[in-house]
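Heads up: the sequence shown runs through residues -34 to -1, 1 to 293, numbered per mature numbering (1 follows the signal peptide of the UniProt record, and there is no 0). Since the structure comes first, as structure tokens, the remarks are kept for the end.
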Amino acid sequence: MHHTRTANFVLFRAHVPALVLLLAMLLWPSVASALDVTVKVSSVKVDFGLPHAPENLLDDNPATAWVSGGIGPGVGQWIDLIFGLPTRVERLGIYNGHQGEGLFQEYRRIRSGRVLYPDGTETRFWLRDEPGEQLVECSGRPYKSLRIVVDEVFPKGELTAKVKLAVSEIKLYLSLMAAPGGESERDVPDPARLAAPPPSDPAAAVPEPLIALLREFYVRQTTLADDFAELFAADVRDRNDFQFEVFKETQRQLGTLRTLRTAEVDTSGLGFEMVRSEGNFAEVRVFGAYRVKVANLDRNLDEDSVFVVVKDPEGWKIVELDGQDGY
């Protein structure tokens, strides 16, 4: 079973770079509700009206819960979180068991489990047998999905156990967000300098005008610059400009546009390699890291993307970023 939760502005996710979405969400009063997440679960306890459905995991209400179905006490059950964009999840806030009034002891709770990532890596975690939110550290790397797998439960049960596993709520804490109750060490500005750009293949050298164009892309997209659309080829400019203006207006209404406009972007840690070049057409790989400082946030952001560019009468312009339809 699955459920998708979508906030209005994320409808433009195919047209706005993931970094800008993440930075904007970090500045919102309620970050988790701004993310587009599809929830899938291994099973659901079937009752009249489906009160135990997976959408209860993201409804901001710990008094509701997902309850597993199937045979057994809950070991091996899983929850998939699928994102509309590659998303850096630093922590999960898990409300263990059914935290509706008087229901905590009526259902089983997670004792231990794993967070599985698409690249095959995993993070193990243990939870206490108590109500309230408990934080689980994640990798913080950008993924489009993650899976929570249950390994042990409170209390232990036989294969034929009738008391099922419940989880009331899952909150997502994205990269650079402060943990509840105070500032996280990950939110403290990193005093280290941005690393030197990674070595590029000399045989795949990129012309300086193209490098300048792509560096400017990261600056303008992060600061939501009014002239961002000028970086694109004429035949895709109007489409990108419209979507970008809609996104900017959303940020203006939310009160985050002015803050994003003050962002400082250091692209000196990026490397550039020519993937393909045919006359006025080229594909360029951009990799390494760039530094963004905005409000009280200061972070080096990893990057590895391929841009499709063309040379027109105005010079080199961007057509698209591989894997996306636009910005």
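Yeah, the Cβ is synthetic: ideal placement off N, Cα and C, and Gly gets one too. Here the structure is a predicted model, which means the values were calculated and not measured.
Sheet register partners of residue i (DSSP bridge)
| i | result |
| --- | --- |
| residue 132 | 33 |
| residue 137 | 59 |
| residue 232 | 257 |
| residue 10 | Its beta-bridge partners do not exist; DSSP assigns none. |
| residue 194 | DSSP lists no partner for residue 194. |
| residue 109 | 53 |
| residue 221 | Note: residue 221 sits in no beta bridge, so no partner. |
| residue 278 | 281 |
| residue 94 | Per DSSP, none; premise fails for residue 94. |
| residue 287 | 273 |
| residue 71 | According to DSSP, which records beta bridges pairwise, residue 71 is partnered with nothing at all. |
| residue 251 | 239, 272 |
Within 8 Å, strictly: CB atoms of residue i and residue j
| i | j | result |
| --- | --- | --- |
| residue 58 | residue 104 | yes |
| residue 10 | residue 20 | yes |
| residue 112 | residue 34 | no |
| residue 260 | residue 228 | yes |
| residue 108 | residue 52 | yes |
| residue 258 | residue 269 | no |
| residue 140 | residue 56 | yes |
| residue 299 | residue 203 | There is simply no residue 299 to check, as the chain begins at -34 and stops at 293 in what is shown. |
Residue i - DSSP class collapsed to helix/strand/coil
| i | result |
| --- | --- |
| residue 187 | helix |
| residue 41 | coil |
| residue 172 | coil |
| residue 262 | coil |
| residue 200 | helix |
| residue 127 | coil |
| residue 216 | helix |
| residue 88 | strand |
| residue 270 | strand |
| residue 151 | The predicted position of residue 151 is uncertain, since its pLDDT is 41 and thus under 50; a value taken from the coordinates is nonetheless stated next. In this structure, residue 151 counts as helix in the three-state DSSP scheme. |
| residue 207 | helix |
| residue 227 | helix |
| residue 65 | coil |
| residue 144 | Because the pLDDT of residue 144 is 42, which lies under 50, any placement of that residue in the model is unreliable, and the question is left without a value. |
| residue 19 | coil |
For residue j and residue i, believed in contact at Cβ under 8 Å, the rounded distance
| i | j | result |
| --- | --- | --- |
| residue 49 | residue 2 | 7 Å |
| residue 7 | residue 32 | 6 Å |
| residue 284 | residue 197 | 5 Å |
Any non-hydrogen atom of the ligand HEM closer than 7 Å to residue i Cβ
| i | result |
| --- | --- |
| residue 259 | As for the ligand HEM, it is missing from this structure, which has no ligand bound. |
Contact the segment 218 to 225 vs the segment 165 to 174: 3+ CB pairs below 8 Å: Because the criterion of three Cβ pairs below 8 Å is not met, the segment 218 to 225 and the segment 165 to 174 do not touch.
The segment 37 to 46 / the segment 84 to 95 touching (three or more Cβ pairs under 8 Å): no
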